[in-house]
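Protein chains: 10
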Amino acid sequence: MKKFDVKKSDPKKLKLLEVFENSFPDRDYEITHEAEEFTSVCPKTGQPDFGKIIISYIAKEKCVELKSLKFYLQSFRNEGIFYENVTNRILDDLVKVIRPKWMEVVGEFSTRGGIHSTITAEYWEGD
Amino acid sequence: MKKFDVKKSDPKKLKLLEVFENSFPDRDYEITHEAEEFTSVCPKTGQPDFGKIIISYIAKEKCVELKSLKFYLQSFRNEGIFYENVTNRILDDLVKVIRPKWMEVVGEFSTRGGIHSTITAEYWEGD
Amino acid sequence: MKKFDVKKSDPKKLKLLEVFENSFPDRDYEITHEAEEFTSVCPKTGQPDFGKIIISYIAKEKCVELKSLKFYLQSFRNEGIFYENVTNRILDDLVKVIRPKWMEVVGEFSTRGGIHSTITAEYWEGD
Amino acid sequence: MKKFDVKKSDPKKLKLLEVFENSFPDRDYEITHEAEEFTSVCPKTGQPDFGKIIISYIAKEKCVELKSLKFYLQSFRNEGIFYENVTNRILDDLVKVIRPKWMEVVGEFSTRGGIHSTITAEYWEGD
Amino acid sequence: MKKFDVKKSDPKKLKLLEVFENSFPDRDYEITHEAEEFTSVCPKTGQPDFGKIIISYIAKEKCVELKSLKFYLQSFRNEGIFYENVTNRILDDLVKVIRPKWMEVVGEFSTRGGIHSTITAEYWEGD
Amino acid sequence: MKKFDVKKSDPKKLKLLEVFENSFPDRDYEITHEAEEFTSVCPKTGQPDFGKIIISYIAKEKCVELKSLKFYLQSFRNEGIFYENVTNRILDDLVKVIRPKWMEVVGEFSTRGGIHSTITAEYWEGD
Amino acid sequence: MKKFDVKKSDPKKLKLLEVFENSFPDRDYEITHEAEEFTSVCPKTGQPDFGKIIISYIAKEKCVELKSLKFYLQSFRNEGIFYENVTNRILDDLVKVIRPKWMEVVGEFSTRGGIHSTITAEYWEGD
Amino acid sequence: MKKFDVKKSDPKKLKLLEVFENSFPDRDYEITHEAEEFTSVCPKTGQPDFGKIIISYIAKEKCVELKSLKFYLQSFRNEGIFYENVTNRILDDLVKVIRPKWMEVVGEFSTRGGIHSTITAEYWEGD
Amino acid sequence: MKKFDVKKSDPKKLKLLEVFENSFPDRDYEITHEAEEFTSVCPKTGQPDFGKIIISYIAKEKCVELKSLKFYLQSFRNEGIFYENVTNRILDDLVKVIRPKWMEVVGEFSTRGGIHSTITAEYWEGD
Amino acid sequence: MKKFDVKKSDPKKLKLLEVFENSFPDRDYEITHEAEEFTSVCPKTGQPDFGKIIISYIAKEKCVELKSLKFYLQSFRNEGIFYENVTNRILDDLVKVIRPKWMEVVGEFSTRGGIHSTITAEYWEGD
């Protein structure tokens, strides 16, 4: 299994993300995309992990295109990455590409050993 | 498929909306209409989109008449428009017609490619 | 169908409401009565409307007696009145009779033409 | 609104349905497709109807291809047809195209005037 | 309150029921109408009763028209009748008007004194 | 606590049950009364037991009157009786009083020591 | 039925409540006990009432022992007391015995005449 | 961890089970005990397993006493045994002790590695 | 993407499945394993599919070991195969390895284009 | 049963907890682990207790490793400890080992004698 360095963005992943222009830039409105079919691989055991990724944001000039977001999330399918890191990694990548005023990424992962984990990371412009 | 310019209101749509006088104008009370059978068309693929539109507001002098609201929402049935834009478009149209103190429009759209989207836009008098 | 003037209280309705003395007047505690079997008539179409009325309040000296509240709500059974007006009418009548510190009335009405409506009106002593 | 004659199949609709070969013809196994986003038009009022169509069958030599089924169901979007007739129409069309051993079509339609309707029609080879 | 004789059909009620021709008389398919907003009056106490009436049938030549069914059910709004009797009354009336092969009427009534009642009556052609 | 002999009916309890004449004796239809607020006392520990009693039957000439059923069930409030016995006791008493064609009594009792119990007893005329 | 004077605590009831020492007095943490099997008697009709009592508090030096709390709540089983009064009575008794920093008592009572009531009373040290 | 031989009953476990006489032996009625807090240990990994055990039976002369059943089920807490075996083991032990006409034991075990297992074993007198 | 020939078993997959001896071969009892995290790839679009696989069987001499079942199901993660075929493929492979008296495999797949599909295949010894 | 002194940490338990380095220490994000299979023993009765432990925190430099957390929680399996104390004990141990900015531990325990208890304890750095 290919090792994934969570400290740096993967330029190939970033290229998957496409944007479109925000038609109502004068209004702060909230966009939420809930992706129920997220899967990656546990870097310790090599076993598949399953979860739900919920992305919410207030756009400035750009919105993320829905189909490209799907392909970006699918790119984690066969990579090993921890719950805590994949949630923060998705937040960093999306912030870099669409430059929102605010964004939150929630990763809800399925039960392992009787324990169910949720990671919630947030970004405010100016952070 | 007829192209829809989200930047401008469609005067034919606006004429569908009827109002009645608010009988309790001295009290700020909240009115919510939840329309579970909204459908429009995806402007990229031409495929139908389905969703729920939730409209909440505090009236000043006018309330929106329920049957006319139904016809207004039905007028999107065969038009191509993005999730982000239809939600903001409905908010702008209703604000123009009933001039509320406050209004919020939420668009909850059904799952596409494993992703479920929600758009929430708000208006305050004086904005 | 007898017309109902929402601007004025109906003295016959008010007489249905009985009160009892609040035994703990020094404590601000909340009382909620949720009436799931409310029905009235649509003044435009003459068709029956159905809904749930939720009454919450902080009493001063008087509480509303539960059985009399049931009879008061039943008195709307065959009268024509709009959603927005019946919710505010119930709030005004109860405020007049029990003089609470705070009261909220929520009317949740069943689906008509695919649209489900909720009206929420509130009163604060001193308003 | 174009009138729809429920007595006869519409050849244009039938052409939308594509099939693929059943790989396990020796085993009677059940296939169910539940389409949650069905919409057509009420032939009396011209108002849109919404519902869920559930198709179950035991294939002989052919299975219905999923994407073509979606396009077939979408072809009812702007046609006027009664609940009872659309459910039987879909059953007749699918039977004609894939010749199953058994098929059931259920149409569950959304609430109109406080009434929620379900139609269930079944076909057995040899009927 | 007017007394209601459950032994005989009320000709005025029967006249409310309209029918349309069954377009698929060669197939035994099931039609279900679930009316969630039924209300009548308790003949003993004069208090309103609330419930859900579920009508299922296999048509022969005639189907009951949905809007007329709504008006028929509304005609019980201010009449006093027991749970057991109203359920059987509706079954007898519908059988007389549409002559089905089979029909079932279920009345589910809301809680009274901590007890929730359900009545289920069935008709088979030839009974 | 007074001991309760489950082998014999208690004549005082039986007198609480009132009946009314079945208006549709020619049709076998099912009546169900679900009493959610049953309570009695554990004969071993003296601790209160709570549960739901569900009574279903096909009447011959007599139906049980709902209010009298409520009083009958309340008569167990302060008596000690086992789950298995109270369910069979209610079945025997009701059979004696209304002589049904068929009757079933289900007792669902609340959790004790992490265990939730259900007792189901049935009677057929001629048993 | 013995009359219950809600104005004064019942010393026999208070003696039922036992306490144990709080092992973490330096930390303000919240304890909630939800008792789903509460029953008392309506002082007007003599009919049993059923409900759920939810007790939440931040302890100072003493916590209420769970088994003694059960016996205390059971002591209302055959006493007549109004919803509003029993909720406040339980709050006053517990405050007297365990002297918490904060306590809230919620009484949720089962449906009577189609109306479901909830009473919420709160205490802050120093009130 | 002590090994558990599933082929033979453990006499110490059997002694935990107490019985009481069936008061209605002439009627075949069903008794169900649902124990939601079952736990044992996986014999391969030594990790705890959790589950729900549902026991249903028709008694002949004896019923199982509820408290003794709780102690019997708790006796598996620190023993290693497979899902398939513990379900059959409980069935065999209970059949030996109460000699029912019929008995079913269902073991529903919590998710391990994304897989949730259920075992259902049944006994008929004369097997 | 590697093509998958559904007509033949894949010997590498079969080797993943391990068995253990059935300790209660004289009793016909049912074993169910519900795997909620199944994923494979759509052979037409290359897009990932998600679903739940429910395996139920009555063992003869052998049971499938749970961990090996998990690895077997994971082996489909990056292979392209239709819903209908993967369900029948799993049934055939398990029948070959454990030789049960009866087995059923249900595949419930997540929504694609608004359609949710379920495939149910069954095997009886002697088929 | 070995007595457990809640006043002091158990060094053997602490050694079970392993940590890993927080890769995003500059962002305050929330991590939640919900353990649904917690069990310990009641110190008064010796009976097993069951519950759910929910741990939420904002990490500084260290995160708790998931598998070690599972073993730590399992170490309470056969020890006697009160609800209030086990919740605070877990909070104290985790704070000592990972030194978070904020942490909350919630213990939800299953129903005993009809009462369901929840304990919520919180820690802020600098407390």
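Residue numbers (the working numbering), protein chains in the order written: chain Z, 3 to 129; chain R, 3 to 129; chain X, 3 to 129; chain S, 3 to 129; chain Y, 3 to 129; chain H, 3 to 129; chain U, 3 to 129; chain A, 3 to 129; chain G, 3 to 129; chain E, 3 to 129. Backbone N, C-alpha and C fix where the C-beta goes; we use that ideal spot for every residue, glycine too.
Three-state secondary structure (DSSP) at Phe73 of chain S?
If DSSP states are grouped into helix, strand and coil, Phe73 of chain S belongs with the helices.
Taking Thr89 of chain H as part of the alpha helix (DSSP H), name the residues at either end of that continuous run.
From DSSP, the alpha helix (DSSP H) with Thr89 of chain H extends over 85-100.
Look up Pro45 of chain X in the DSSP assignment and say whether it is helix, strand or coil.
Three-state DSSP puts Pro45 of chain X in coil, outside helix and strand.
By Cβ distance below 7 Å, which residues in the same chain neighbour Lys103 of chain H in space, the five residues on each side in sequence not counted?
Answer for Lys103 of chain H: Asp30, Ile60, Lys62, Glu127, listed in chain order.
Give me the subset of the stretch 35-52 of chain A whose CB atoms are less than 7 Å from a CB atom of chain H, sorted by chain position.
Within the stretch 35-52 of chain A, the residues whose Cβ lies closer than 7 Å to some Cβ of chain H are His35, Glu36, Ala37, Glu38, Glu39, listed in chain order.
Determine the closest residue to Glu20 of chain S out of S:Pro13, S:Val66, S:Gly116, with distance taken between C-alpha atoms.
Ranking the options by Cα distance to Glu20 of chain S, first place goes to S:Val66.
With 9 Å set as the bound, which would you pick, yes or no: does the beta-carbon of Ser112 of chain G sit closer than that to a beta-carbon of chain R?
Ser112 of chain G counts as touching chain R.
Report the option in X:Ser70, X:Ile117, X:Glu86 whose CA atom is closest to the CA atom of His35 of chain R.
Comparing Cα-Cα distances from His35 of chain R to each of X:Ser70, X:Ile117, X:Glu86, the minimum goes to X:Ile117.
Evaluate the contact criterion for the stretch 78-87 of chain X versus the stretch 76-89 of chain S: three or more CB pairs, one atom per stretch, below 8 Å.
In short, these stretches do not touch, since the Cβ pair count stays below three.
Take Pro50 of chain R as the anchor and find which of R:Ile33, R:Thr120, R:Phe40 has the nearest alpha-carbon.
The candidate whose alpha carbon is nearest that of Pro50 of chain R is R:Phe40.
Is Arg79 of chain A close to chain E? Criterion is C-beta to C-beta, closer than 9 Å.
Yes, its Cβ sits closer than 9 Å to a Cβ of chain E.
Compute the distance between the beta-carbons of Ile57 of chain Y and Val107 of chain Y, then report whether it is under 9 Å.
Yes, they are a contact pair.
Around the Cβ of Lys17 of chain Z, are there at least 16 other Cβ atoms within 10 angstroms (buried) or fewer (exposed)?
Lys17 of chain Z should be labelled exposed.
Helix, strand or coil for Lys64 of chain A, going by three-state DSSP, please let me know.
The answer is strand: DSSP assigns Lys64 of chain A an E or B state.
Just by C-beta distance, which residues in the stretch 92-116 of chain Z are closer than 9 Å to chain A?
Residues passing the 9 Å Cβ filter: Ser112, Thr113, Arg114, Gly115, Gly116.
If you measure from the beta carbon of Glu127 of chain Y to each beta carbon in chain H, is any gap under 9 Å?
False, the Cβ-Cβ gap to chain H never drops below 9 Å.
Consult DSSP for Pro50 of chain R and reduce its assignment to one of helix, strand or coil.
DSSP places Pro50 of chain R in strand when its eight states are reduced to three.
For the beta strand (DSSP E) that Ser119 of chain S lies in, which residues bound it at each end?
Residues 117-126.
For Ile100 of chain S versus Lys64 of chain S, is the C-beta distance shorter than 9 Å?
In this structure, Lys64 of chain S lies closer than 9 Å to Ile100 of chain S by Cβ.
Restricting to Cα atoms, I'd like to know which of G:Glu38, G:Arg114, G:Gly109 is closest to Ser70 of chain S.
Minimum Cα distance to Ser70 of chain S is reached at G:Arg114.
In the DSSP assignment, find the alpha helix (DSSP H) that holds Pro13 of chain R and state where it starts and stops.
First-last of the alpha helix (DSSP H) with Pro13 of chain R: 13-18.
Find the nearest neighbour of Asn2 of chain U within the set E:Tyr125, E:Thr89, E:Leu68, judged by alpha-carbon distance.
Residue 2 of chain U falls outside the range modelled here, since chain U spans only 3 to 129, and no answer is possible.
Going by the CB atoms, is the gap between Glu124 of chain G and Leu93 of chain G shorter than 9 Å?
A contact, by the Cβ cut-off of 9 Å.
I want to see whether chain A comes within less than 9 Å of Ala123 of chain H, judged by CB atoms only; does it?
Judged by the 9 Å Cβ criterion, Ala123 of chain H is in contact with chain A.
What number of angstroms, rounded off, separates the C-alpha of Ile121 of chain A from the C-alpha of Ser112 of chain H?
Between Ile121 of chain A and Ser112 of chain H, the C-alpha separation is close to 25 Å.
Who are the near neighbours of Lys72 of chain Z in its chain, counting only those whose CB is closer than 8 Å to its CB and skipping five residues on each side?
Here the set comprises Ala37.
Look up Lys34 of chain X in the DSSP assignment and say whether it is helix, strand or coil.
For clarity, residue 34 of chain X is Thr in the given sequence; the question names Lys instead. Of the three classes helix, strand and coil, the one that applies to Thr34 of chain X here is strand, per DSSP.
Under the three-state reduction of DSSP, which class applies to Phe22 of chain G: helix, strand or coil?
Phe22 of chain G falls in the strand class under three-state DSSP.
On the three-state DSSP scale, how would you describe Arg79 of chain X?
Residue state, collapsed to three classes: coil.
Closest by CA to Asp129 of chain S, which one among S:Val97, S:Glu86, S:Ser119?
The residue with the shortest Cα to Cα distance from Asp129 of chain S is S:Val97.
Could you give the distance in angstroms between the alpha-carbon of Pro45 of chain G and the alpha-carbon of Phe26 of chain G?
If I take the Cα positions, the gap works out to 41 Å.
Is Ser58 of chain U helix, strand or coil when you go by DSSP?
Three-state result, Ser58 of chain U: strand.
Could you tell me whether any Cβ in chain Y is nearer than 9 Å to the Cβ of Ser119 of chain S?
True, the Cβ-Cβ gap to chain Y drops below 9 Å.
Within 9 Å (strictly less), CB to CB, does Lys14 of chain S reach chain C?
As a matter of chain content, chain C is missing from the structure shown, whose protein chains are Z, R, X, S, Y, H, U, A, G and E.
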